[in-house]
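Participant:
2 protein chains.
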Amino acid sequence: MSEQRRTTIKDVAEAADVGVATVSRVLSGTGSASPATRERVLAAAARLDYRPSALGRNLRRRRTGGIGLLIPDITDSFYARLADGVLACAQSAGEPVMIGTTGDDPEREAELIGSLIEESVERVIAVPSGDGEMWGPAFRAGLGVVFAERPVRGREDVPAVVTDDRSGVRTAVEYLAALGHRRVAFLARHGQEQRVRAFREAMGALGLPVDEELIVRARATRDSAYAAAAGLLHHRSDLTAVLAGGNLLGEAAVLAARELDVRVPRDVSLIMFDDVPWAELCWPPLTVIAQPAQDMGYRAAELVLRQGRRTRGVVLPTELIVRGSCGPRR
Amino acid sequence: MSEQRRTTIKDVAEAADVGVATVSRVLSGTGSASPATRERVLAAAARLDYRPSALGRNLRRRRTGGIGLLIPDITDSFYARLADGVLACAQSAGEPVMIGTTGDDPEREAELIGSLIEESVERVIAVPSGDGEMWGPAFRAGLGVVFAERPVRGREDVPAVVTDDRSGVRTAVEYLAALGHRRVAFLARHGQEQRVRAFREAMGALGLPVDEELIVRARATRDSAYAAAAGLLHHRSDLTAVLAGGNLLGEAAVLAARELDVRVPRDVSLIMFDDVPWAELCWPPLTVIAQPAQDMGYRAAELVLRQGRRTRGVVLPTELIVRGSCGPRR
DNA sequence: CTGAAAGCGCTAACAC
DNA sequence: GTGTTAGCGCTTTCAG
Numbered sequence: 001m002s003e004q005r006r007t008t009i010k011d012v013a014e015a016a017d018v019g020v021a022t023v024s025r026v027l028s029g030t031g032s033a034s035p036a037t038r039e040r041v042l043a044a045a046a047r048l049d050y051r052p053s054a055l056g057r058n059l060r061r062r063r064t065g066g067i068g069l070l071i072p073d074i075t076d077s078f079y080a081r082l083a084d085g086v087l088a089c090a091q092s093a094g095e096p097v098m099i100g101t102t103g104d105d106p107e108r109e110a111e112l113i114g115s116l117i118e119e120s121v122e123r124v125i126a127v128p129s130g131d132g133e134m135w136g137p138a139f140r141a142g143l144g145v146v147f148a149e150r151p152v153r154g155r156e157d158v159p160a161v162v163t164d165d166r167s168g169v170r171t172a173v174e175y176l177a178a179l180g181h182r183r184v185a186f187l188a189r190h191g192q193e194q195r196v197r198a199f200r201e202a203m204g205a206l207g208l209p210v211d212e213e214l215i216v217r218a219r220a221t222r223d224s225a226y227a228a229a230a231g232l233l234h235h236r237s238d239l240t241a242v243l244a245g246g247n248l249l250g251e252a253a254v255l256a257a258r259e260l261d262v263r264v265p266r267d268v269s270l271i272m273f274d275d276v277p278w279a280e281l282c283w284p285p286l287t288v289i290a291q292p293a294q295d296m297g298y299r300a301a302e303l304v305l306r307q308g309r310r311t312r313g314v315v316l317p318t319e320l321i322v323r324g325s326c327g328p329r330r
Numbered sequence: 001m002s003e004q005r006r007t008t009i010k011d012v013a014e015a016a017d018v019g020v021a022t023v024s025r026v027l028s029g030t031g032s033a034s035p036a037t038r039e040r041v042l043a044a045a046a047r048l049d050y051r052p053s054a055l056g057r058n059l060r061r062r063r064t065g066g067i068g069l070l071i072p073d074i075t076d077s078f079y080a081r082l083a084d085g086v087l088a089c090a091q092s093a094g095e096p097v098m099i100g101t102t103g104d105d106p107e108r109e110a111e112l113i114g115s116l117i118e119e120s121v122e123r124v125i126a127v128p129s130g131d132g133e134m135w136g137p138a139f140r141a142g143l144g145v146v147f148a149e150r151p152v153r154g155r156e157d158v159p160a161v162v163t164d165d166r167s168g169v170r171t172a173v174e175y176l177a178a179l180g181h182r183r184v185a186f187l188a189r190h191g192q193e194q195r196v197r198a199f200r201e202a203m204g205a206l207g208l209p210v211d212e213e214l215i216v217r218a219r220a221t222r223d224s225a226y227a228a229a230a231g232l233l234h235h236r237s238d239l240t241a242v243l244a245g246g247n248l249l250g251e252a253a254v255l256a257a258r259e260l261d262v263r264v265p266r267d268v269s270l271i272m273f274d275d276v277p278w279a280e281l282c283w284p285p286l287t288v289i290a291q292p293a294q295d296m297g298y299r300a301a302e303l304v305l306r307q308g309r310r311t312r313g314v315v316l317p318t319e320l321i322v323r324g325s326c327g328p329r330r
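Chains S and L, in that order, are what the protein sequence lines are. So the first sequence is numbered by this note's numbering: it starts at 1 and just counts up by one. So the second sequence is numbered by this note's numbering: it starts at 1 and just counts up by one.
1. Please identify the residue among S:266, S:258, S:269, S:290 whose C-alpha is closest to the C-alpha of residue 281 of chain L.
2. In the DSSP output, which residue or residues are listed as bridge partners for residue 113 of chain S?
3. Kindly indicate the opening and closing residues of the alpha helix (DSSP H) around residue 39 of chain S.
4. Listing by chain order, which chain S residues have their CB less than 8 Å from the CB of residue 49 of chain L?
5. Could you tell me whether the Cβ atoms of residue 203 of chain L and residue 242 of chain L are closer together than 8 Å?
6. Taking buried to mean at least 16 other C-beta atoms within 10 Å of its own C-beta, is residue 322 of chain L buried or exposed?
7. I'd like to know whether the C-beta of residue 312 of chain L is nearer than 8 Å to at least one C-beta of chain S.
8. Just to confirm, is the Cβ distance from residue 246 of chain S to residue 139 of chain S under 8 Å?
9. CA-CA distance, residue 314 of chain S and residue 320 of chain S?
10. Residues in its own chain within less than 6 Å of residue 324 of chain S by CB, not counting five upstream and five downstream?
11. For the pair the stretch 27-46 of chain S and the stretch 80-89 of chain S, tell me if three or more CB-CB distances fall below 8 Å.
12. Do you know how far the Cα of residue 197 of chain L is from the Cα of residue 206 of chain L?
13. Thinking C-beta only, is residue 89 of chain L closer than 8 Å to residue 301 of chain L?
14. Classify residue 237 of chain L: buried if its beta carbon has 16 or more other beta carbons within 10 angstroms, exposed otherwise.
15. Classify residue 282 of chain L as helix, strand or coil using the three-state DSSP reduction.
16. Residues in the same chain with beta-carbon distance under 7 Å from residue 248 of chain S, minus the five sequence neighbours each way, listed in chain order, please.
17. Between which two residues does the alpha helix (DSSP H) containing residue 138 of chain L stretch?
18. Decide if residue 95 of chain S is buried, meaning its Cβ has at least 16 other Cβ atoms within 10 Å, or exposed.
19. I'd like to know if residue 291 of chain S contacts chain L, where contact means its C-beta is closer than 8 Å to some C-beta of that chain.
20. May I ask you to report which of helix, strand or coil DSSP gives residue 290 of chain L?
21. Tell me the DSSP bridge mates of residue 338 of chain S?
22. What are the start and end residues of the beta strand (DSSP E) that includes residue 315 of chain L?
23. Closest Cβ-Cβ distance between residue 115 of chain L and chain S: below 8 Å?
24. From which residue to which residue does the beta strand (DSSP E) around residue 163 of chain S run?
25. Pick out whichever of L:260, L:187, L:146, L:194 has its Cα sitting closest to the Cα of residue 164 of chain L.
26. Based on DSSP bridge pairs, tell me the residues matched to residue 144 of chain S.
27. Quick check on the burial criterion: 16 or more other C-beta atoms within 10 angstroms. Buried or exposed for residue 115 of chain S?
28. DSSP beta-bridge partners for residue 217 of chain L?
29. Could you have a look at residue 74 of chain S and say whether DSSP puts it in helix, strand or coil?
30. Which of helix, strand or coil does DSSP assign to residue 244 of chain S?
31. By the three-class DSSP mapping on this structure, what secondary structure does residue 2 of chain S have?
32. Comparing the C-beta of residue 53 of chain L with each C-beta of chain S, is any distance below 8 Å?
33. Please compile the residues from chain L whose C-beta is within a distance smaller than 9 Å of the C-beta of residue 134 of chain S.
34. Looking at chain L, which residues of the stretch 71-104 of chain S have a Cβ within less than 7 Å of any of its Cβ atoms?
35. Could you tell me which of L:265, L:276, L:234 sits nearest to residue 256 of chain L, measuring between CA atoms?
36. Examine the Cβ distances between the stretch 53-71 of chain L and the stretch 125-143 of chain L and report whether three or more of them are shorter than 8 Å.
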């Protein structure tokens with residue numbers, strides 16, 4: 001309540017009867033000080049409940065530590081786990097994390113980047129929504145950035161931590177093919193072109209027909225995902241399996257299937273990217289291509305923290321987890 | 001890459017051939033400036049891609065804006081939605097958010113509080129894990145704090161945004177009682193004593209027996225929740241319904257029931273606190289007591305931002321959503 | 001209407 | 001070893 005002045009280094013210096021520099025040295029462990037002085041300073045600091053101000057320090061050192069985290073939607077289990085990984089690493093490194101959600105909107109992303117620059121954050125981890133341009137200001141400001149989940153076209157020089165989409169998609173398609181499926185649909189999010197390409201490629205490699213109409217894209221919202229899934233299931237009764245590009249799409253597919261009375265896996269097999277807790281609770285339990293989301297976040301944080309010159313990106317493996325949502329072609 | 005010096009207000013001043021004070025005035029909209037000067041300053045700022053440093057500003061103004069957010073686990077859908085609400089409000093107010101996860105560990109909470117103080121954050125929203133003591137430093141530092149989801153004993157003066165536990169629990173118990181259940185168990189998280197009390201009270205009010213052995217507590221981890229649920233279901237075959245105090249507990253109950261071949265709702269009815277997306281995907285779809293998590297976050301942010309003297313807390317309503325996990329007593 | 005100057009809290013030279 | 005001092009980038013009197 002009381003608007004009392006913050007305790008500063010000067011207060012401690014006076015209380016300990018030394019100069020401010022000495023206090024700074026003792027508290028930051030830099031330089032040397034006689035045991036006696038050290039003791040006095042520590043005691044004074046403790047007594048006054050002194051907390052050095054990061055503001056002052058950062059201003060003086062012209063750097064901030066602190067890492068910015070930009071994700072599309074904290075409510076999406078995948079991004080929440082990613083964020084969790086980042087936090088785990090950052091917190092153990094003692095770095096504060098400034099978080100922002102972009103809603104996959106390039107404009108909001110740009111604003112958030114701007115605000116991170118103002119705050120003098122010097123490293124950022126982002127699941128990018130915009131294209132290379134949005135990131136111009138960040139680089140000009142000298143930010144260290146690492147992309148997560150997806151790279152940005154035209155910024156191949158920026159390290160990115162991603163999952164092995166090609167291999168993940170191939171695994172899924174091969175699994176489906178082995179069950180006899182030929183007409184498989186891909187429910188993708190806008191921006192997952194990498195996976196779409198991988199899908200075509202995998203289908204082709206197995207001699208399966210690629211029907212572009214079976215590749216449906218949705219925006220990253222529940223409504224859009226549901227509409228896409230329902231449309232697909234409703235109009236294309238010839239399809240026999242669907243691969244969902246993310247957990248939101250998978251959820252939508254399950255719901256739409258129930259609504260349209262399409263039985264999984266009897267009528268259509270369903271396999272989804274990203275393993276989430278509910279995949280096991282769902283009925284039937286969902287077969288998934290798991291991605292190490294939390295690990296992805298942790299690695300990204302490590303990368304952005306090390307920030308060595310020539311940091312290379314990382315590609316993380318996926319894993320097929322077979323549960324009960326895929327069956328032989330009907 | 002290039003470690004170029006950040007563009008400062010001085011650079012802009014020189015470029016526009018005015019004093020730094022004028023630049024400050026123009027850019028912050030304070031004070032007045034002749035249209036011509038204004039123009040020049042704006043142009044120079046734009047040309048140099050100038051971003052005022054929040055560090056300098058905050059240091060000078062001795063305040064930081066910026067709000068800290070402390071939650072137990074960002075991976076838990078409830079807290080993720082809560083965080084989402086906070087972010088929605090904070091971002092629209094242009095306030096940066098510093099986030100930390102406590103893992104419900106008072107010690108980590110204390111550390112995070114300390115780091116928020118160092119960063120000169122001046123407002124914090126927290127789902128508290130520790131007791132009143134942890135918060136001493138925060139108040140002494142003059143932080144404005146608002147608690148979310150749960151209040152802290154001994155800090156009743158701090159505004160809190162919570163759900164109406166008593167009414168939520170009562171609704172659940174009454175619903176169960178109306179279905180004929182008498183032996184209902186409560187699966188709670190440590191720290192949910194408020195709900196436990198409400199449970200006893202509601203049971204008593206309806207003339208149902210309160211068996212303390214049917215009140216089981218778990219820590220906030222999947223493992224602990226599962227152990228608690230499995231233990232309950234395994235040893236107490238006389239129970240006929242269970243109320244789960246949170247989504248992690250509910251998840252555990254579903255899984256344990258399947259494992260032990262207990263049919264829901266035929267063998268036991270299940271009702272869970274907190275509505276999550278998977279409640280609908282689960283089989284059977286879960287009947288829940290919904291809590292407005294995102295709203296809770298938003299309101300907490302509003303509160304901490306207004307920070308009027310004598311801010312009062314808020315109690316949010318719950319809602320019973322009937323799906324398919326409760327049936328008549330067997 | 002505008003500029004000069006005094007710090008905000010801190011660290012890093014630089015003296016002693 | 002330790003104190004003095006000069007800023008980091010910014011806002012805000014205070015003069016002009």
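C-beta: ideal position from N, C-alpha, C; glycine also.
Facilitator: In this structure, then:
1. The shortest C-alpha separation from residue 281 of chain L is found at S:258.
2. According to DSSP, which records beta bridges pairwise, residue 113 of chain S is partnered with nothing at all.
3. 35-48
4. 137, 140
5. no
6. exposed
7. Look at residue 312 of chain L: its C-beta is not under 8 Å from any C-beta on chain S.
8. no
9. 20 Å
10. 284, 285
11. no
12. 14 Å
13. It is a contact, given that the beta carbons lie within the stated cut-off.
14. exposed
15. Correct three-state label for residue 282 of chain L: strand.
16. Same-chain partners within the cutoff: 76, 220, 222, 225.
17. 136-140
18. buried
19. Chain L, which has no Cβ nearer than 8 Å to the Cβ of residue 291 of chain S, makes this no.
20. strand
21. Here chain S covers residues 1 to 330 and nothing more, so residue 338 of chain S does not appear.
22. 314-316
23. Among the residues facing chain S, residue 115 of chain L is included, as its CB has a counterpart in that chain under 8 Å away.
24. 160-163
25. L:194
26. Bridge pairing for residue 144 of chain S: S:123 [DSSP].
27. Residue 115 of chain S comes out buried.
28. L:188
29. coil
30. strand
31. Its pLDDT being 45, under 50, residue 2 of chain S is placed unreliably by the model, and the measurement read from it follows with that caveat. Looking at residue 2 of chain S - three-state DSSP - the assignment turns out to be coil, as it is neither helix nor strand.
32. yes
33. Chain L residues near residue 134 of chain S: none, gap ~14 Å exceeds 9 Å.
34. 74, 75, 80, 81, 83, 84, 87, 91, 96, 97, 98, 99, 100, 101
35. L:234
36. yes
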